[in-house]
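Participant: Questions regarding the structure given below will be posed in turn.
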Amino acid sequence: MTSFIKNAIFITSLLATSTAFAADPHWTYDEEWDNLSNATNPTKATDFPYAECGLGQKQSPIDLGSVKAVTSTNALKPAYKNEALTVVNNGHSIKVNVPATTKSVLSIGSEQYTLLQYHIHAPSEHVIGGKTYAAEIHFVHGTPDGKLAVVAVLVDAPVTAKANVEFQNLLNVAPKNTTDAPALTANPAKILPNTSKFYLYSGSLTTPPCTEGVNWYVLQKPIQITPAQLTTFETLYSGNARAAQALNGRQVLAK
Ligand SMILES: [Zn+2]
């Protein structure tokens with residue numbers, strides 16, 4: 052195994068949390084997580100094995116309501132392939148795993164990140180001036196030396212929406228239990244909206260172990276799904292979103 056593949060597998064396992072490592076302490080959104088996600092009252096943070104979730108100063112998600120406009124930031128250039136993916140239910144979300152051999156990459160300036168996986172939160176984790184979206188999809192990317200970049204896609208579910216075909220293809224195979232791993236052949240780029248405008252900041256994984264140093268790119272243009280598609284997802288996961296965390300002096304850029 053190359054060190055890159057080992058690293059990619061490690062990162063994927065890290066993000067898969069409790070089902071990947073039997074030794075990982077169990078966590079749920081309803082139990083410990085409510086304490087960890089409450090930035091003003093992190094009373095149980097130090098009791099919990101994932102201390103960075105409570106003690107970290109650059110945590111995600113955040114409210115993107117206050118931003119500084121910039122023009123010089125590097126553009127996002129996703130180049131994803133149509134390929135055989137694997138859909139899993141990891142106990143916290145529906146997650147689509149990309150094969151370690153993938154050529155799906157995201158270029159940002161001279162940096163090239165490989166697509167590792169994408170998964171869904173409902174409602175959204177990032178909020179904009181207090182506004183929560185119906186859902187949020189996270190496309191997680193990594194470099195061989197361990198840098199992480201997450202592209203977040205906000206999801207609206209207005210009554211006027213047309214059925215989202217790509218989202219439906221994913222819903223059609225999304226497993227109810229954590230032991231199934233159906234295949235899905237898709238090009239993840241088809242879920243993405245226009246990527247030219249985005250918010251940029253430095254944050255963390257939004258699930259334990261809440262590791263910091265993650266570059267976040269939250270796309271400004273949301274995608275749409277129908278209310279029925281949202282309801283279908285919510286029969287699998289609803290409320291799997293961490294609350295907005297304190298900025299602690301961080302600057303959010305908007306391009
Ligand atoms: Zn996520």
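Taking this note's numbering, I'd label the letters of the sequence shown as residues 52 to 306. The beta-carbon is built from N, C-alpha and C at its ideal position, and this holds for glycine as well.
So, do the stretch 272 to 280 and the stretch 205 to 218 have three or more beta carbon pairs nearer to each other than 8 Å?
Facilitator: Verdict: yes, contact present.
Participant: Keeping to the same chain, check which residues put their C-beta closer than 6 Å to that of Asp231; ignore five residues upstream and five downstream.
Facilitator: Residue mapping note: residue 231 aligns to position 180 of the sequence shown, counting from 1. No residues qualify anywhere along the chain.
Participant: When DSSP labels each residue in this structure, what does Ile242 get in the three-state scheme?
Facilitator: In the sequence shown, counting from the first residue as 1, residue 242 sits at position 191. If DSSP states are grouped into helix, strand and coil, Ile242 belongs with the helices.
Participant: Please list the terminal residues of the continuous alpha helix (DSSP H) segment that includes Leu222.
Facilitator: Residue numbering aside, residue 222 sits at position 171 when the sequence shown is read from its first letter. Start and end: 216 to 224.
Participant: Assign Ser117 to buried or exposed, taking buried as 16 or more other Cβ atoms, counted over all protein chains shown, within 10 Å of its Cβ.
Facilitator: Within the sequence shown, residue 117 is the residue found at index 66, counting from 1. Exposed: under 16 other Cβ atoms inside 10 Å.
Participant: So Thr246 packs on Leu221, CB below 8 Å; how close in whole Å?
Facilitator: Taking the first residue of the sequence shown as 1, we reach residue 246 at position 195. Taking the first residue of the sequence shown as 1, we reach residue 221 at position 170. In fact, because the Cβ distance is near 19 Å, the residues do not count as touching under 8 Å.
Participant: Tell me whether Thr282 sits in a helix, a strand or coil according to DSSP, three-state version.
Facilitator: The residue you call residue 282 lines up with position 231 of the sequence shown. Residue state, collapsed to three classes: helix.
Participant: For Asn299, which residues from the same chain have a beta carbon less than 6 Å from its beta carbon, with the 5 sequence-adjacent residues on both sides left out?
Facilitator: If you number the sequence shown from 1, residue 299 lands on position 248. Answer for Asn299: Gln108, listed in chain order.
Participant: Within the same chain, show all residues whose beta-carbon is closer than 7 Å to that of Ala295, passing over the 5 residues directly before and after it, in chain order.
Facilitator: The residue given as residue 295 occupies position 244 in the sequence shown. Contacts found: Pro112, Ile113, Asp114, Val178.
Participant: Which residue wins for smallest C-alpha separation from Pro195, given the options Thr152, Ala185, Val224, Glu187?
Facilitator: Stepping through the sequence shown from its first residue, residue 195 is reached at position 144. Looking at the Cα atoms, Thr152 is the closest of the given residues.
Participant: On a CA-only basis, which of Pro129, Val224, Ala297, Leu157 is nearest Ile145? Give me that one, please.
Facilitator: Counting from one through the sequence shown, the residue named residue 145 turns up at place 94. That would be Val224, whose Cα lies nearest to the Cα of Ile145.
Participant: Is Gly193 helix, strand or coil by DSSP?
Facilitator: Against the sequence shown, residue 193 aligns to sequence position 142. It is a strand residue.
Participant: Per DSSP, what are the beta-bridge partners of Trp267 in this structure?
Facilitator: One-based indexing of the sequence shown puts residue 267 at position 216. DSSP, once it has assigned bridges, lists Val201, Tyr252 as partnering Trp267.
Participant: Pull up the distance between the alpha-carbon of Val265 and that of Thr286, whole angstroms please.
Facilitator: On the sequence shown, residue 265 is found 214 positions in, with the first residue counted as 1. On the sequence shown, residue 286 is found 235 positions in, with the first residue counted as 1. The alpha-carbon atoms of Val265 and Thr286 are separated by roughly 30 Å.
Participant: Please name the residue in Ile159, Ser158, Thr122, Thr229 whose C-alpha comes closest to that of Asn140.
Facilitator: As a first step, residue 140 is located in the sequence shown; it is residue number 89 there, counting from the start. Out of Ile159, Ser158, Thr122, Thr229, Thr229 has the C-alpha closest to the C-alpha of Asn140.
Participant: Check each candidate in Ser253, Trp267, Val156, Ile171 and name the one with the smallest Cα separation from Gly142.
Facilitator: Along the sequence shown, read from residue 1 onward, the residue named residue 142 stands at position 91. Of the listed residues, the one whose Cα sits closest to Gly142 is Ile171.
Participant: Can you look up Leu157 in the DSSP assignment and give me helix, strand or coil?
Facilitator: As a working note, residue 157 is residue 106 in the sequence shown. If DSSP states are grouped into helix, strand and coil, Leu157 belongs with the strands.
Participant: For the alpha helix (DSSP H) that contains Leu235, what are its first and last residues?
Facilitator: Start at 1 with the first residue of the sequence shown, and residue 235 comes out as number 184. Here Leu235 belongs to no alpha helix (DSSP H); instead the beta strand (DSSP E) covers 234 to 237.
Participant: In the DSSP output, what is Pro129 paired with across the bridge?
Facilitator: Mapped onto the sequence shown, residue 129 falls at position 78. Per DSSP, Leu157.
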